[in-house]
Amino acid sequence: AQKITQTQPGMFVQEKEAVTLDCTYDTSDPSYGLFWYKQPSSGEMIFLIYQGSYDQQNATEGRYSLNFQKARKSANLVISASQLGDSAMYFCAMSPLSGGYNKLIFGAGTRLAVHP
Amino acid sequence: GAGVSQSPSNKVTEKGKDVELRCDPISGHTALYWYRQRLGQGLEFLIYFQGNSAPDKSGLPSDRFSAERTGESVSTLTIQRTQQEDSAVYLCASSLGQGPDEAFFGQGTRLTVV
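Here the protein sequences come in this chain order: A and B. With our numbering, letter number 103 in the first sequence gets 1063, and the count goes up by one each step, no holes. With our numbering, letter number 54 in the second sequence gets 82, and the count goes up by one each step, no holes.
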């Protein structure tokens, strides 16, 4: 069974500082993908970054990077140079990559507040 | 269409009534997901369709909930005999369903049971 755990219900960061949002996961699938989504107050779900379980390097997308530690089953999101517009809910998600079965499940989310 | 479309965007219904929520996925996307999001909470998985395979219904909370999908197009989520605890935003997402690809979300249907 798949499980995603986000232990930080809320985080705050000063504008222009970096912040790390934690995500741990549990799966028996040998191959899987890890995703982060942002949900601003408007409610839309915005894809941020993806990491494959067999990727050798940590994924980066602009100010977002994923600190992937496979042995510890963690996939933390790092946001550098925080901006006020980064204030939102952030969800970690996982999908197995076996046999065309890609059920996507989400963690409970972390609410990030960026202070000026 | 350009994105995932859900209708209605808002629905207010009386307790005990049935409701039907609709999702139009992105054309060509074989995978379709339904999630429930209660106020201030995370996304609760409901059901997953992948091509012609049997859907994964493991997240449906009770037999009052059902969903169908016509081929690789429109899906409907039906809630029978609605209860106040069903009040939430129901989100639909679709993806290519071919390995590691992002899911694209609709704007959701906000259901309020009074």
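Just so you know, even glycine gets a beta-carbon here, dropped at the ideal spot from N, CA and C.
Item to check | Cut-off 8 Å between Cβ atoms - residues of its own chain near Thr1020(A), not counting five sequence neighbours on either side | outcome: A distance below 8 Å between beta-carbons, with the five flanking residues on each side excluded, links Thr1020(A) to the following residues of its chain, in chain order: Ile1009 and Leu1026.
Checklist entry - Ala961(A) to Leu1044(A), Cα distance in whole Å? => result Straight-line measurement puts the Cα of Leu1044(A) at about 37 Å from the Cα of Ala961(A).
Next on the checklist: Rounded to whole angstroms, what is the Cα-Cα separation between Lys39(B) and Val47(B)?
Outcome noted: C-alpha separation (whole angstroms): 9 Å.
Next on the checklist: On a Cα-Cα basis, can you pick out the residue from Ser86(B), Ser81(B) and Pro36(B) that is closest to Leu74(B)?
Outcome noted: Answer by Cα proximity: Ser86(B).
Item to check | Within 9 Å of chain A by C-beta, residues of the stretch 61-79 of chain B in sequence order | outcome: Hits within the stretch, in order: Tyr61, Tyr63, Gln65, Gly68, Gln69, Gly70, Leu71, Glu72, Phe73, Tyr76, Gln78 and Gly79.
Checklist entry - What separation, rounded to the nearest whole angstrom, lies between the Cα atoms of Tyr992(A) and Pro83(B)? => result For Tyr992(A) and Pro83(B), the distance between alpha carbons rounds to 20 Å.
Checklist entry - Cα separation between Asp982(A) and Ser103(B)? => result Cα to Cα, the separation comes out at about 34 Å.
Next on the checklist: Please list, in chain order, the chain B residues whose beta carbon lies closer than 8 Å to that of Ala1068(A).
Outcome noted: Going along chain B in sequence order, the residues near Ala1068(A) (Cβ under 8 Å) are Gln69 and Gly70.
Checklist entry - Which chain A residues sit within Cβ distance under 7 Å of Glu130(B)? => result Going along chain A in sequence order, the residues near Glu130(B) (Cβ under 7 Å) are Phe995, Phe1007 and Tyr1010.
Next on the checklist: Applying the 10 Å Cβ sphere with the 16-neighbour rule, what's the burial state of Gly31(B)?
Outcome noted: Counting Cβ neighbours within 10 Å, Gly31(B) comes out exposed, since fewer than 16 surround it.
Item to check | Any C-beta of chain B under 9 Å from that of Ser1055(A) | outcome: Chain B, which has a Cβ nearer than 9 Å to the Cβ of Ser1055(A), makes this yes.
Next on the checklist: So for Asp1046(A), helix, strand or coil by DSSP?
Outcome noted: Asp1046(A) falls in the helix class under three-state DSSP.
Checklist entry - How many Å lie between Ala121(B) and Phe132(B) at the Cα? => result One C-alpha to the other measures close to 5 Å.
Checklist entry - Taking the Cβ atom as the reference point for each residue, do Tyr61(B) and Leu1057(A) lie within a distance shorter than 9 Å? => result In this structure, Leu1057(A) does not lie closer than 9 Å to Tyr61(B) by Cβ.
Item to check | Contacts of Lys1063(A) in chain B (Cβ-Cβ under 7 Å) | outcome: What Lys1063(A) touches in chain B: Tyr76 and Asp84.
Item to check | For Val1038(A), the nearest candidate out of Ala978(A), Phe1051(A), Gln1029(A) and Phe972(A) (CA to CA) | outcome: Of Ala978(A), Phe1051(A), Gln1029(A) and Phe972(A), the residue nearest in Cα terms is Ala978(A).
Checklist entry - Which partner residues does Asp15(B) have in the DSSP bridge list? => result A question about residue 15(B) goes unanswered here, because the residues of chain B that appear run from 29 up to 142.
Checklist entry - Ordered along the chain, which non-local residues of its own chain (more than five positions away) have a Cβ less than 7 Å from that of Gln111(B)? => result These residues qualify, in order along the chain: Lys43 and Val141.
Checklist entry - Which class does Pro114(B) belong to by DSSP, given the choice of helix, strand or coil? => result Residue identity differs from the one stated: residue 114(B) is Asp in this sequence, not Pro. For Asp114(B), the three-state secondary structure derived from DSSP is helix.
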